[in-house]
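I have placed the structure first, in the form of C-alpha coordinates, so that the comments after it can refer back to it.
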Amino acid sequence: MVKITYIEFDGTERTVDVAPGLTVMEGARDNGIKGIEADCGGACACSTCHVYVDRAWVGKLPAKDPMEEDMLDFAYEPDPETSRLTCQIKVTEDLDGLVVRLPERQI
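Just so you know, we're using our numbering here: the sequence shown kicks off at 30 and counts up by one.
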(Lines of atoms letter the chains of each structure in order from A; the text may use other names.)
(Lines give C-alpha, C1' and ligand atoms only; values in the text may rest on other atoms or scores of the structure.)
Protein backbone atom coordinates (compact mmCIF):
# COMPACT_ATOMS: atom_id res chain seq x y z
CA MET A 30 0.00 0.00 0.00
CA VAL A 31 1.04 3.57 -0.70
CA LYS A 32 0.51 6.34 1.86
CA ILE A 33 -1.07 9.50 0.50
CA THR A 34 -1.84 12.58 2.58
CA TYR A 35 -4.87 14.65 1.64
CA ILE A 36 -4.99 18.09 3.27
CA GLU A 37 -8.43 19.66 3.37
CA PHE A 38 -8.82 23.40 2.82
CA ASP A 39 -9.21 23.95 6.57
CA GLY A 40 -5.84 22.26 7.20
CA THR A 41 -7.19 18.89 8.35
CA GLU A 42 -4.77 16.15 7.24
CA ARG A 43 -5.74 12.57 6.47
CA THR A 44 -3.11 10.03 5.53
CA VAL A 45 -4.55 6.90 3.98
CA ASP A 46 -3.32 3.72 2.35
CA VAL A 47 -4.06 3.43 -1.37
CA ALA A 48 -3.39 0.33 -3.45
CA PRO A 49 -1.02 0.69 -6.38
CA GLY A 50 -2.93 0.72 -9.66
CA LEU A 51 -5.74 2.90 -8.34
CA THR A 52 -5.81 6.63 -8.94
CA VAL A 53 -5.37 9.30 -6.29
CA MET A 54 -9.06 10.11 -6.87
CA GLU A 55 -10.10 6.50 -6.21
CA GLY A 56 -8.01 6.53 -3.04
CA ALA A 57 -9.91 9.60 -1.84
CA ARG A 58 -13.27 8.10 -2.77
CA ASP A 59 -12.55 4.75 -1.14
CA ASN A 60 -11.38 6.42 2.07
CA GLY A 61 -14.16 9.00 2.40
CA ILE A 62 -12.01 12.06 1.76
CA LYS A 63 -14.35 15.04 1.63
CA GLY A 64 -13.75 17.66 -1.02
CA ILE A 65 -12.99 15.41 -3.98
CA GLU A 66 -16.34 15.02 -5.69
CA ALA A 67 -15.26 13.15 -8.85
CA ASP A 68 -18.57 13.74 -10.61
CA CYS A 69 -17.45 12.03 -13.83
CA GLY A 70 -16.11 8.97 -12.02
CA GLY A 71 -12.57 9.39 -13.28
CA ALA A 72 -13.18 9.94 -17.00
CA CYS A 73 -11.34 13.29 -17.08
CA ALA A 74 -14.61 14.91 -18.14
CA CYS A 75 -14.94 17.38 -15.26
CA SER A 76 -12.66 19.15 -12.83
CA THR A 77 -14.24 18.08 -9.54
CA CYS A 78 -11.24 16.06 -8.39
CA HIS A 79 -8.86 19.01 -8.59
CA VAL A 80 -6.04 19.29 -6.03
CA TYR A 81 -2.83 21.20 -5.53
CA VAL A 82 0.11 18.80 -5.44
CA ASP A 83 2.73 19.64 -2.82
CA ARG A 84 5.58 21.42 -4.60
CA ALA A 85 8.06 18.74 -3.49
CA TRP A 86 6.08 16.22 -5.56
CA VAL A 87 5.35 18.22 -8.73
CA GLY A 88 8.42 17.00 -10.62
CA LYS A 89 7.91 13.39 -9.53
CA LEU A 90 4.54 13.00 -11.26
CA PRO A 91 3.99 12.17 -14.92
CA ALA A 92 3.34 15.24 -17.06
CA LYS A 93 -0.22 16.45 -17.61
CA ASP A 94 -1.67 15.34 -20.91
CA PRO A 95 -3.58 17.84 -23.09
CA MET A 96 -7.00 16.62 -21.94
CA GLU A 97 -6.11 17.18 -18.28
CA GLU A 98 -4.71 20.63 -19.13
CA ASP A 99 -8.01 21.51 -20.83
CA MET A 100 -10.13 20.30 -17.91
CA LEU A 101 -8.03 22.24 -15.40
CA ASP A 102 -9.25 25.42 -17.12
CA PHE A 103 -12.61 24.69 -15.46
CA ALA A 104 -11.18 24.04 -11.98
CA TYR A 105 -11.62 26.44 -9.08
CA GLU A 106 -8.55 28.70 -8.90
CA PRO A 107 -6.13 26.43 -10.78
CA ASP A 108 -2.41 26.92 -10.28
CA PRO A 109 -0.34 26.36 -13.45
CA GLU A 110 2.39 24.51 -11.56
CA THR A 111 0.65 22.52 -8.82
CA SER A 112 -2.92 21.88 -10.00
CA ARG A 113 -3.74 18.33 -11.04
CA LEU A 114 -6.81 16.18 -11.52
CA THR A 115 -6.54 13.23 -9.15
CA CYS A 116 -8.27 10.94 -11.64
CA GLN A 117 -5.20 11.30 -13.85
CA ILE A 118 -2.59 10.34 -11.25
CA LYS A 119 -2.09 6.59 -11.10
CA VAL A 120 -0.77 5.40 -7.76
CA THR A 121 2.59 3.61 -7.88
CA GLU A 122 5.07 2.68 -5.15
CA ASP A 123 7.08 5.75 -6.20
CA LEU A 124 4.25 7.97 -4.90
CA ASP A 125 4.52 6.72 -1.31
CA GLY A 126 4.25 9.87 0.83
CA LEU A 127 2.50 12.01 -1.80
CA VAL A 128 0.83 15.11 -0.35
CA VAL A 129 -2.08 16.88 -2.05
CA ARG A 130 -4.08 19.90 -0.89
CA LEU A 131 -7.74 20.34 -1.66
CA PRO A 132 -9.07 23.65 -2.97
CA GLU A 133 -11.63 25.69 -1.08
CA ARG A 134 -14.30 24.17 -3.33
CA GLN A 135 -14.77 22.23 -6.51
CA ILE A 136 -16.70 23.77 -9.40
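Even glycine gets a Cβ: it sits at the ideal position worked out from N, Cα and C.
Quick one: is residue i buried, meaning 16 or more other Cβ sit within 10 Å of its Cβ, or exposed?
{"i": "I118", "result": "buried"}
{"i": "T52", "result": "buried"}
{"i": "G61", "result": "exposed"}
{"i": "P132", "result": "buried"}
{"i": "A72", "result": "exposed"}
{"i": "R84", "result": "exposed"}
{"i": "M30", "result": "exposed"}
{"i": "R58", "result": "buried"}
{"i": "I136", "result": "exposed"}
{"i": "G40", "result": "exposed"}
In three-state DSSP terms, what is residue i?
{"i": "L51", "result": "strand"}
{"i": "V80", "result": "strand"}
{"i": "R134", "result": "coil"}
{"i": "D59", "result": "helix"}
{"i": "D125", "result": "coil"}
Among the options, whose alpha-carbon lies nearest the alpha-carbon of residue i?
{"i": "T77", "options": "V87, I62, A57, A104", "result": "A104"}
{"i": "P22", "options": "E98, G126, R134", "result": "Any question about residue 22 goes unanswered here, given that the chain covers just 30 to 136."}
{"i": "R113", "options": "G40, V45, V128", "result": "V128"}
{"i": "I33", "options": "E110, V120, I136, Q135", "result": "V120"}
{"i": "T111", "options": "E122, D99, K93, D123", "result": "K93"}
Is residue i close to the ligand SAH? I mean its beta-carbon at under 7 Å from any heavy atom of the ligand.
{"i": "I65", "result": "Within the structure as shown, the ligand SAH is missing, as the structure has no ligands at all."}
Which residues does DSSP list as the beta-bridge partners of residue i?
{"i": "V31", "result": "V47"}
{"i": "E42", "result": "I36"}
**OP:** Could you tell me which uninterrupted beta strand (DSSP E) segments, each at least 3 residues in length, are contained entirely in the stretch 83 to 117, listed from first to last along the chain?
**Re:** Taking 3 residues as the minimum length, the beta strand (DSSP E) runs contained wholly in the stretch 83 to 117 are 112 to 114, in order along the chain.
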